[in-house]
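Participant: Please read through the structure below; I'll follow up with questions.
Residue numbers (this note's numbering): 1 to 117.
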């Protein structure tokens, strides 16, 4: 797992060239071997539990910042299959040309979907 220069930035995936270009100073400063998966595997592994939650909040990228990361279009399909709907998009980060790079996505469990408690 890479440890980045900026504490608020992390991923189990390797850093792609766009990460350092769009967010200077966030480069890798150390690496520790972690035998676990990443967010995509974690979400798939707990898919049955998602019905227990009313809200979900996820940072998603529109362009690859980390090697083999799930991009926003894939991430946006996952909550829909689990009974969530997009409720808001916040903190959009853009590159120097004004292109959206990543954002925070707020999901709420669909009103018609029964929450299991």
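Ideal Cβ placement from N, Cα and C applies to all residues, glycine included.
Between the segment 60-79 and the segment 98-105, are three or more C-beta pairs nearer than 8 Å?
Facilitator: yes
Participant: Kindly list the residues whose CB is nearer than 7 Å to the CB of residue 47, restricted to its own chain and excluding five residues on each side of it in sequence; keep chain order.
Facilitator: Excluding five sequence positions before and after residue 47, the CB atoms of its chain that fall closer than 7 Å to its own CB belong to 82, given in chain order.
Participant: What whole-angstrom Cβ distance do residue 71 and residue 61 have, given they're in contact under 8 Å?
Facilitator: 6 Å
Participant: I'd like to confirm the pairing. Which residues does DSSP put opposite residue 89 in its beta bridges?
Facilitator: 105
Participant: Let me confirm a value: residue 79 is counted as buried when at least 16 other C-beta atoms fall within 10 Å, else exposed. Which label applies?
Facilitator: buried
Participant: Could you pull out every unbroken alpha helix (DSSP H) segment of at least 4 residues lying fully inside the segment 42-93, listed in chain order?
Facilitator: Under the rule that a run must span 4 or more residues, the alpha helix (DSSP H) segments found entirely inside the segment 42-93 read 72-81.
Participant: Taking 8 Å as the limit between beta carbons, can you name the residues of its chain near residue 76, skipping five residues before and five after?
Facilitator: 60, 86 and 105
Participant: Nearest to residue 90 by alpha carbon, out of 96, 57 and 108?
Facilitator: 57
Participant: Can you tell which of 69, 73, 108 and 94 has its C-alpha closest to the C-alpha of residue 88?
Facilitator: 108
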